[in-house]
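J.: My questions all concern the structure below.
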Amino acid sequence: MNSVLVILLSTILLLCLKTYVDLRTALRAVNYHPGFKSFVSCFGVFGFAFKEPRRGLIGGSLRFWHRKHLDFDEAGVDVIHHVSFFPRVPTCLILADPAVIKEVTSHRALFPKPLYHELRLWGGNIIASEGDEWKRHRKVGAPAFSEPNNRPVWNETVKIMVDLFDNVWGSQDTIIVDHVVDALTLPVALFVISVAGFGKNASWQSDLLPPSGHKLSFKDAIHVVSVDMFIQVVTPTFLWKLAPTKRIADVKLGFEELEKYMLEMVEERRNAPKKEERYDLFSSLLDASDSDADGGARLTDRELLGNIFIFLLAGHETTAHSLAFTFGLLAMHQDYQEKLYQHVKSAIPDGRLPTYEEMNKLTECMAVFYETLRLFPPVVGVPKVVAENTTLVATDFTGKRRAIPVAAGSDIHISILALHYNPRYWDEPHAFKPERFHGNWPRDASLPLMAGPRACLGRRFFETEGIAILTMLVSRYKIELKDEPAFSHETYEERWDRLFTVKQGITLA
Ligand code: HEM
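Quick note, the sequence shown lines up with residues -23 to -1, 1 to 486 if you use mature numbering (1 follows the signal peptide of the UniProt record, and there is no 0).
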């Protein structure tokens, strides 16, 4: 018994010693650069599984939401160091410095993306790939996002909103929406990417219910998968087969249903009589999956599904939550909403439907979106890895230049949240001030859609649908918070906290 205890204690002692030595080595490797430590990492699957930070023990993916720029304020520099032991990462540098971020995002070969295995659920795709594989996916997807394809995005968005106003909301003066994401922004965004990207027509009357042969609606299937995909990643297959809990069974059903929908979309389009030449995203993906497609842009059947899934996901999840945050912010700031309303009325004076040509006049809508995306960036951070030993140079708050050595294999995390709340670039960073996006603003300090060769491909798609939706909604309705007696005595701050309680899923929600 005694010898067992001795072995146990010695093992613990050795582990502690090794941890201490590892920690010193990690700190020495980055010249004792300031930062924070936690036993479980803030990032990756563990960051998602344990979201709330616990001092020193759990990093928590929500750390950056709670702390915003505070870790950097305390360190006195906009690049900090995070050490974690589970999973063990030798070095992870976290960036909120626009110049260093630019250096990283513009050198794709030196700072590639990790593979995002969690997003390769059906197969390789444009978001979860790197190097030549990514180039091949990008070559297939990018042409569908060129300027001529934006007009259909606008026109389809307008149709979807008219369908909502005329056939769902009808002549009611007041519409009460209990869950703005579920009932409004998620369906709109999903309908737009479905029809504009994949030619899959959508209607508010029929598409929110499961069609025959399905147990879930298309919206619910993709929503379940996007919210709970990490369950699929961390749950062993034998548990999947047994489906012992309701949550696992629901996720399993979501995956099966989504795959069925995607296969039906492929079959329907492949079998459709060729009425007209189409240049949408779906056509590019299907052409590339033909056996006689050019080798440099050829997709396997799994990659076809992988891309359909990723474009559907990227094309609606971020947009849906951004629109919801926008409506919340406008409801909290009635003065600004009035300004926006007057702006929309002056840009489209006679109350008719806005046209694509008028989009560039709607600058106030764009300012509202930029400010929403600054305060609530759907993608709060972007990971990169270091391919070769290199040095990053940051200027600290006293103006001193600091060289930070980074070894090959180290992790980098670009903290979009900390960048967006960086007081060195944004005056009153916690306040909603869309006017800061008129005139000159620090472009490198606002990166909700990232920058460099791996920047968001759907930027213009989002701006087009977003401006159409916001213009149409604000010109017809005033957005207010539901009048609830229980909250009538709330202060502005209390209301803000209640309304903007965030969840960290695949995006900030
Ligand atoms: C508010 C809306 C959106 C935000 C905030 C957003 C944000 C981002 C960010 C931060 C990235 C880089 C991710 C990374 O490197 O890991 C990205 C990539 C991407 N986004 Fe978006 N996105 C939005 C809307 C869209 C839409 C509407 C689409 C498609 C219709 C789309 C398609 C893509 C694609 C395909 C990529 C990968 C590009 C590449 O690596 O080549 N996004 N997005």
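Just so you know, even glycine gets a beta-carbon here, dropped at the ideal spot from N, CA and C.
Which two residues bound the contiguous beta strand (DSSP E) that contains Thr372?
T.: Your numbering for residue 372 matches position 395 in the sequence shown. Thr372 -> beta strand (DSSP E) spans Thr367 to Thr372.
J.: Just checking, does the stretch 108 to 119 make contact with the stretch 278 to 296 on the three C-beta pairs under 8 Å criterion?
T.: Yes, the stretch 108 to 119 touches the stretch 278 to 296.
J.: Can you give me the C-alpha to C-alpha distance between residue 551 and Trp473, rounded to a whole angstrom?
T.: Outside the shown range of the chain (-23 to 486) lies residue 551, about which nothing can therefore be said.
J.: With a 10 Å radius around its C-beta and 16 neighbouring C-beta atoms as the bar for buried, classify Ala179 as buried or exposed.
T.: One-based indexing of the sequence shown puts residue 179 at position 202. Buried is the call here.
J.: Is Glu133 closer than 8 Å to Val172 when the C-beta atoms are compared?
T.: As a position in the sequence shown, residue 172 is number 195, starting the count at 1. As a position in the sequence shown, residue 133 is number 156, starting the count at 1. Their beta carbons are under 8 Å apart, which means Val172 touches Glu133 by this criterion.
J.: When the cut-off is 8 Å and only beta carbons count, does Arg351 lie next to chain B?
T.: The chain labelled as chain B is not found in the depicted structure, where only one protein chain is given.
J.: On the three-state DSSP scale, how would you describe Phe195?
T.: Along the sequence shown, one-based indexing puts residue 195 at 218. Phe195: helix per DSSP, three-state reduction.
J.: Please report the straight-line C-alpha distance between residue 487 and Gly100, rounded to a whole angstrom.
T.: Absent from the structure is residue 487, since the part of the chain shown begins at -23 and ends at 486.
J.: Beta-carbon within less than 8 Å of Val362's beta-carbon, same chain only, minus the 5 sequence neighbours each way: which residues are those?
T.: As a working mapping, residue 362 is identified with position 385 in the sequence shown. Excluding sequence neighbours, Val362 sits near Phe88, Pro89, Lys90, Pro91, Gly386, Ser387, Asp388 and Ile389.
J.: Would you report the Cα separation of Tyr256 and Leu262, rounded to the nearest angstrom?
T.: One-based indexing of the sequence shown puts residue 256 at position 279. One-based indexing of the sequence shown puts residue 262 at position 285. Distance between the alpha carbons of Tyr256 and Leu262: 10 Å.
J.: Suppose contacts are defined by Cβ-Cβ distances below 8 Å. Is Val345 in contact with Leu447 by that definition?
T.: Reading the sequence shown from its first residue, position 368 is the one you call residue 345. Reading the sequence shown from its first residue, position 470 is the one you call residue 447. Closer than 8 Å, so yes.
J.: How big is the Cα-Cα spacing for Ser194 and Leu4?
T.: The sequence position of residue 194 within the sequence shown is 217, counting from 1. The sequence position of residue 4 within the sequence shown is 27, counting from 1. When rounded, the distance between both Cα atoms is 51 Å.
J.: At which residues does the alpha helix (DSSP H) containing Pro129 begin and terminate?
T.: Here the question's residue 129 lines up with position 152 in the sequence shown. From DSSP, the alpha helix (DSSP H) with Pro129 extends over Asn127 to Asp140.
J.: Are the Cβ atoms of Val54 and Ala371 separated by less than 8 Å?
T.: The count along the sequence shown starts at 1 and reaches residue 54 at position 77. The count along the sequence shown starts at 1 and reaches residue 371 at position 394. A contact, by the Cβ cut-off of 8 Å.
J.: The ligand HEM and Ile104: does the residue's C-beta get closer than 7 Å to at least one heavy atom of that ligand?
T.: For the purposes of this step, residue 104 is taken as the residue at position 127 of the sequence shown. Result yes, Cβ under 7 Å from the ligand HEM.
J.: Thr295: beta carbon under 7 Å from a heavy atom of the ligand HEM?
T.: Numbered from its first residue, the sequence shown carries residue 295 at position 318. At least one heavy atom of the ligand HEM is nearer than 7 Å to the Cβ of Thr295, so yes.
J.: Flag this pair as yes or no: are the beta carbons of Leu235 and Phe353 separated by less than 8 Å?
T.: Counted from its first residue, the sequence shown places residue 235 at position 258. Counted from its first residue, the sequence shown places residue 353 at position 376. Against a cut-off of 8 Å, the Cβ pair of Phe353 and Leu235 comes out as no contact.
J.: Assuming contact is defined by CB atoms lying nearer than 8 Å, are Ile483 and Glu294 in contact in what I supplied?
T.: As a working mapping, residue 483 is identified with position 506 in the sequence shown. As a working mapping, residue 294 is identified with position 317 in the sequence shown. The answer is yes: Cβ separation under 8 Å.
J.: Using the DSSP secondary-structure output, state which residues sit across from Leu72 in a beta bridge.
T.: Here residue 72 refers to the residue found at position 95 of the sequence shown. DSSP lists Val56 and Ile391 as partners of Leu72.
J.: Could you please give me the residues that DSSP links to Ile103 through a beta bridge?
T.: Within the sequence shown, numbered from 1, the residue matching residue 103 stands at position 126. DSSP output for Ile103 lists no bridge partner at all.
J.: Could you tell me whether any non-hydrogen atom of the ligand HEM is closer than 7 Å to the CB of Arg115?
T.: Position 138 of the sequence shown, counted from the first residue, corresponds to residue 115. True, at least one ligand heavy atom lies under 7 Å from that Cβ.
J.: So, for Phe25: in the same chain, excluding its five sequence neighbours on each side, which residues have a beta-carbon less than 6 Å away from its beta-carbon?
T.: Residue numbering aside, residue 25 sits at position 48 when the sequence shown is read from its first letter. These residues qualify, in order along the chain: Ser38 and Phe207.
J.: First and last residue of the alpha helix (DSSP H) that includes Val321?
T.: Against the sequence shown, residue 321 aligns to sequence position 344. Run containing Val321: Gln311 to Ala324, per the alpha helix (DSSP H) assignment.
J.: Tell me, to the nearest whole angstrom, how far the beta carbon of Cys19 is from that of His59; I am working on the premise that it is less than 8 Å.
T.: Working through the sequence shown from its first residue, we reach residue 19 at position 42. Working through the sequence shown from its first residue, we reach residue 59 at position 82. Right, their Cβ atoms sit about 6 Å apart.
J.: Between Ile57 and Asp50, is the Cβ-Cβ spacing less than 8 Å?
T.: In the sequence shown, the residue the question calls residue 57 occupies position 80. In the sequence shown, the residue the question calls residue 50 occupies position 73. Contact: no.
J.: Whose CA, out of Leu434, Phe439 and Lys455, lies closest to the CA of Phe304?
T.: On the sequence shown, position 327 is the one that residue 304 refers to. Among Leu434, Phe439 and Lys455, the Cα nearest to that of Phe304 belongs to Lys455.
J.: Tell me where the alpha helix (DSSP H) around Phe16 begins and ends.
T.: Sequence index remark: in the sequence shown, residue 16 carries index 39 (1-based). Counting along the chain, Phe16 falls outside any alpha helix (DSSP H), though it belongs to the beta strand (DSSP E) covering Gly12 to Val17.
J.: Taking the alpha helix (DSSP H) that Gly231 belongs to, which residues open and close that run?
T.: Taking the sequence shown and counting its residues from 1, one reaches residue 231 at position 254. Taken as a continuous stretch (DSSP letters only), the alpha helix (DSSP H) holding Gly231 covers Lys223 to Asn248.
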